[in-house]
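Reading the sequence shown from the start, the letters are residues 1 to 120 in the UniProt record's numbering.
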Amino acid sequence: MNSTLYLAASAGTAFGVVAVLVAGVLITAGLIWAVRLGIGVRRREHRPPRPEEQPRLPDSGPVRESHEMRAPHEMPRTDGERLTPHELRPTGGAPSGDQQRGRWSEGSSGSFGSGGSGGA
């Protein structure tokens, strides 16, 4: 048998083992550095609020939702010129005089289909 072939194969294996060990040491050192950096950043941050500094409910109790119908703002009339956003009023409008919600009427189309009988 040719011992040179075995020596070459074992040298390649030894190099591979050394390369894996060096890579492992570098990765471990990088992870240790990252953890230490994170600890330093965490120390420089503000402390979390204490329980007495947490937000509390007002004395009048929780704030409830309000439901109201809003009338849209009228679009300003222009002479064919295009309006830019800063020329428009803010959205939301004013409270509407009629606060009754529109109701779904039987037989009309809702979100699905044409409002037919539903038969196949």
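Every residue gets a Cβ at the ideal spot worked out from N, C-alpha and C, and that includes glycine.
### Query
Of the residues 81, 90, 72 and 86, which one's Cα is nearest the Cα of residue 98?
Taking the sequence shown and counting its residues from 1, one reaches residue 98 at position 98. The option with the nearest alpha carbon to residue 98 is 72.
### Message
Please confirm whether residue 35 has its beta-carbon closer than 8 Å to some beta-carbon of chain B.
### Response
Absent from the structure: chain B. Only one protein chain is present.
### Task
Determine, using beta-carbon pairs with one atom in the region 89 to 96 and one in the region 62 to 76, whether at least three such pairs fall under 8 Å.
They touch, by the three-pair rule.
### Message
Using 8 Å for Cβ pairs, my map puts residue 95 next to residue 68. What's the rounded Cβ distance?
### Response
In the sequence shown, counting from the first residue as 1, residue 95 sits at position 95. In the sequence shown, counting from the first residue as 1, residue 68 sits at position 68. With a beta-carbon spacing of about 6 Å, residue 95 and residue 68 fall inside the 8 Å limit used to define contacts.
### Message
Suppose you measure from the CA of residue 24 to the CA of residue 16; what does that come to, to the nearest Å?
### Response
By 1-based counting over the sequence shown, the position of residue 24 is 24. By 1-based counting over the sequence shown, the position of residue 16 is 16. In a straight line, the C-alpha of residue 24 is about 12 Å away from that of residue 16.
### Task
May I ask you to list the residues that DSSP assigns as paired with residue 95?
Position 95 of the sequence shown holds residue 95. Per DSSP, 70.
### Task
Helix, strand or coil for residue 86, going by three-state DSSP, please let me know.
In the sequence shown, the residue the question calls residue 86 occupies position 86. It is helical.
### Message
At the level of alpha carbons, what is the spacing between residue 39 and residue 30?
### Response
Taking the sequence shown and counting its residues from 1, the one referred to as residue 39 is at position 39. Taking the sequence shown and counting its residues from 1, the one referred to as residue 30 is at position 30. Looking at the two C-alpha atoms, the distance is approximately 14 Å.
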